[in-house]
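Here is the structure we will look at, set down as C-alpha cells.
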Amino acid sequence: MKRSLKLLAAAVATATGLSLAACAPGGTVPSDPSDQPETAPAYVPVNIGVGADAAYAAFFVADQLGLFAEAGLDVTLTPFSTGGDALAALGAGQIQMTQSSPATITSIIANNPSITAFVQTVDVAGINKVVLRNGVESATDVKSFGYVKGLSQYMAYAYFEENGVDPATINWVAAGAGDMPALIQRGDIDGFFLWEPWPTNVTTAGSGSVVATATEFPDLDPVLVNWLASTDDWLAANEATAKAVTAVLGEAIDIIDDDPQVAADAVEQAVAIKAADALVMVGRLGFGLQPITGDVVAATQQIGDFFVSTGAISATPDLKSELVLDWSW
C-alpha cells in the first residue's frame, strides 16, 4: 500500500510540474490533435487495362490531364485489343482493373469467379453498328458473319432473330475486332456487329455500309454498357483506391460533358482514331457513373443463358452474388 501511495504522489507531482511548465512563460503547450495535418489516404499503384476505342475516353482524359496524379493515385494504363484479353490479364494478376461489357464479363466470370464488376461507366449503344459488305443488302442475304466473343456475338444473334433469320443457318467466323475490316474487304465475311471505329473503317474504305445501330434493338439496352471490373480480393483489400479511381473518372466525365473535344483529342493521342472521328463517337456515347442494380443484373443473366446455349460456357453464373451491387464511391 505504501509503495502504491508513493507512486501516486510521484505521478501527481509530475503532472503538476508539467501543467505549471505549460503555463509558465516560454512553456510548451501540447498541440491540439485537431491542428495536426490529415494523413493522406494510402492508395496502392493501379494498372488499368484499356481498349482501343472512344468508350475509354474517360480514362484517357484522366491520364493525359494528370487527374489521377492530382488525386494522389499511381495509375498505369495498359492497352488491350479486346475486353476479353484485358479480363484474362485481370484474372492472371497482370492488371488490377479494367472496363468491359456485361456480356464479356459474364462469360469470364463463368470460368473465373474471382472476377467481379462494381460500377457502370458508359452507355455504348450508339457506337455499336451492323456493317454489311458491298453487294449484301440485308440480313437474309448473309451467309457468313464475323463476331468477337462476348457482346458482339450476343448482338449479332439479336440482329438475325429480329430480321427473321435463324442464327443456326449462318457461318460464324470468330476474329479480333481489328481483323474485321480486312475480312469484309476480302469477302471472307458478309458483315459484323461491332463498336466503333471498326464500322467507320469499313465505310471509309468503301467496302461496306452501316445498315443498323444497336439503338434499334431495345432488348439490348440494359447490356449495352460498360462496367468497371476487378477481382474480389483486390477490391476488398483496396476499396479506398478503387473509390478514388472511380471519383477521378467522374471528374473526367464532367470534363467530357463540358467539352467533348477534350475527349476526342485524348482518344486521338491514345489510340489510332482521328480526333474528328473520335468526336462523333464521343457524342454517341453516354458517359456516366451508375451503380450496378438488380434490374440490370436480371437482364445480364440472360446473356449467360445465351452463352450456355452456344456452348461458350457450361453454366450461367449467379451474377447477383458475383457482382457488387449498389456500390457507392
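Under this note's numbering, residues 384 to 712 are what the sequence shown spells out, in order.
All residues carry an ideal CB built from backbone N, CA and C; glycine is no exception.
Span separating the alpha-carbon of residue i from that of residue j
i           : j           : result
residue 594 : residue 560 : 18 Å
residue 484 : residue 476 : 20 Å
residue 406 : residue 455 : Confidence is the limiting factor: at residue 406 the pLDDT is only 42, short of 50, which leaves the residue's position unreliable and the question unanswerable from this model.
residue 473 : residue 700 : 18 Å
residue 599 : residue 490 : 24 Å
residue 614 : residue 487 : 15 Å
residue 706 : residue 671 : 19 Å
residue 661 : residue 695 : 33 Å
residue 630 : residue 509 : 25 Å
residue 466 : residue 426 : 25 Å
residue 498 : residue 518 : 43 Å
residue 520 : residue 690 : 28 Å
Residues near residue i in its chain [Cβ-Cβ closer than 7 Å; skip 5 each side]
i           : result
residue 552 : none
residue 653 : 443
residue 688 : 699
residue 460 : 431, 433, 442 and 446
residue 608 : 485, 503, 505, 506 and 507
residue 492 : 498, 700 and 705
residue 462 : 433 and 435
residue 568 : 588 and 590
Close beta carbons around residue i, own chain, < 8 Å, minus the five adjacent residues each side
i           : result
residue 408 : Here residue 408 scores only 49 on pLDDT, less than 50, and its place in the model is too uncertain to base an answer on.
residue 668 : 437, 438, 440, 505, 506, 507, 509 and 510
residue 526 : 553, 554 and 573
Residue i, DSSP secondary structure in three states
i           : result
residue 617 : helix
residue 703 : helix
residue 627 : helix
residue 578 : strand
residue 596 : strand
residue 529 : strand
residue 572 : coil
residue 425 : coil
residue 515 : strand
residue 504 : strand
residue 447 : helix
residue 654 : coil
residue 479 : coil
Delimiting residues of the beta strand (DSSP E) encompassing residue i
i           : result
residue 462 : 458 to 462
residue 557 : 554 to 557
Opening and closing residue of the alpha helix (DSSP H) in which residue i lies
i           : result
residue 438 : That residue, residue 438, is in no alpha helix (DSSP H); it is neither H nor E in DSSP.
residue 679 : 677 to 693
residue 494 : 485 to 494
residue 666 : 658 to 666
residue 470 : 466 to 474
residue 450 : 450 to 453
residue 534 : 534 to 545
Minimum Cβ-Cβ distance from residue i to chain D less than 9 Å
i           : result
residue 594 : Protein chain content of the structure displayed is limited to a single chain, and chain D is not contained in it.
Item checked: Validate contact between the stretch 531 to 551 and the stretch 625 to 637 using beta carbons, cut 8 Å, 3 pairs -> no
Item checked: Given 8 Å, three or more beta-carbon pairs between the stretch 563 to 572 and the stretch 640 to 656 -> no
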